Ligand code: PRP
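Residue numbers (this note's numbering): 4 to 205.
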């Protein structure tokens, strides 16, 4: 199979495009402006005036973070954290650190960047962990918020798009079985794709 056919196949597995690349780009620009404005106008609390530290949660946040930081007109640094949540088998909400931050966040202004806040368990865990490290401030920016799925209340300061229905979205970082992250839009995965996988795993 050629590469072109494989890419075509990926898009064919999408039922409908929910958010176009143009809509994502426009929203990211606005979020970047809001973030820059807020941190210039009092959101920054670092007593030493160090740059904002943007923390991307791997892997889904990568495309969003890459675009967002270029829309924020502020001095900033970025770092990454990788966590894994156990959804099947063990109790929900159990989160393990795979890769921790490279540097201390003590007395720093931290902006966590997520691709999606779903049940809220991952973010809740990360926030608890970060607060224990005494940062100057912590805010959260997510591309997608899915409040219908929330199990734990978490503070989210910046939201790209709120998805009111419980649909399975992929693209622009969001995956199903590690695939579809490279789609330039956010779309709804065809039901038969994950139904097939469910049957195969039986
Ligand atoms: C996704 C997403 C969030 C989390 C949200 O990560 O990036 O971190 O799930 O879900 P929650 O609100 O129900 O906790 P995932 O574990 O799928 O890893 P990934 O980013 O590598 O795809």
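Virtual Cβ for every residue (Gly too), placed ideally from N, Cα, C. This one's a predicted model, so the numbers in the text were calculated from it and none came from an experiment.
Outcome for residue i when other beta-carbon atoms lying within 10 angstroms are tallied against a minimum of 16
i: residue 101; result: exposed
i: residue 181; result: exposed
i: residue 154; result: exposed
i: residue 125; result: buried
i: residue 48; result: exposed
i: residue 75; result: buried
i: residue 114; result: buried
i: residue 51; result: exposed
i: residue 121; result: buried
i: residue 123; result: buried
Minimum C-alpha distance to residue i - residue among the options
i: residue 21; options: 75, 189, 199; result: 189
i: residue 69; options: 27, 37, 103, 88; result: 27
i: residue 82; options: 108, 152, 24; result: 108
i: residue 158; options: 33, 170, 171, 116; result: 116
i: residue 147; options: 136, 169, 128; result: 169
i: residue 144; options: 43, 13, 60; result: 60
i: residue 136; options: 173, 88, 103; result: 103
i: residue 88; options: 44, 129, 192; result: 129
i: residue 41; options: 12, 67, 160; result: 160
i: residue 112; options: 56, 167, 105, 73; result: 56
i: residue 45; options: 71, 139, 97; result: 139
i: residue 84; options: 132, 39, 38; result: 132
i: residue 118; options: 18, 172, 193; result: 172
i: residue 178; options: 31, 151, 62; result: 62
i: residue 67; options: 193, 185, 198; result: 185
Those residues which DSSP pairs with residue i across a bridge
i: residue 116; result: 59, 144
i: residue 102; result: 85
i: residue 161; result: 144
i: residue 182; result: 179
i: residue 190; result: 20, 173
i: residue 80; result: 56
Beta-carbon separation (whole angstroms), residue i vs residue j, contact threshold 8 Å
i: residue 29; j: residue 176; result: Going by Cβ atoms, the distance from residue 29 to residue 176 rounds to 17 Å, so no, they are not a contact pair.
i: residue 196; j: residue 16; result: 5 Å
i: residue 54; j: residue 78; result: 4 Å
i: residue 80; j: residue 191; result: That pair is no contact at about 35 Å.
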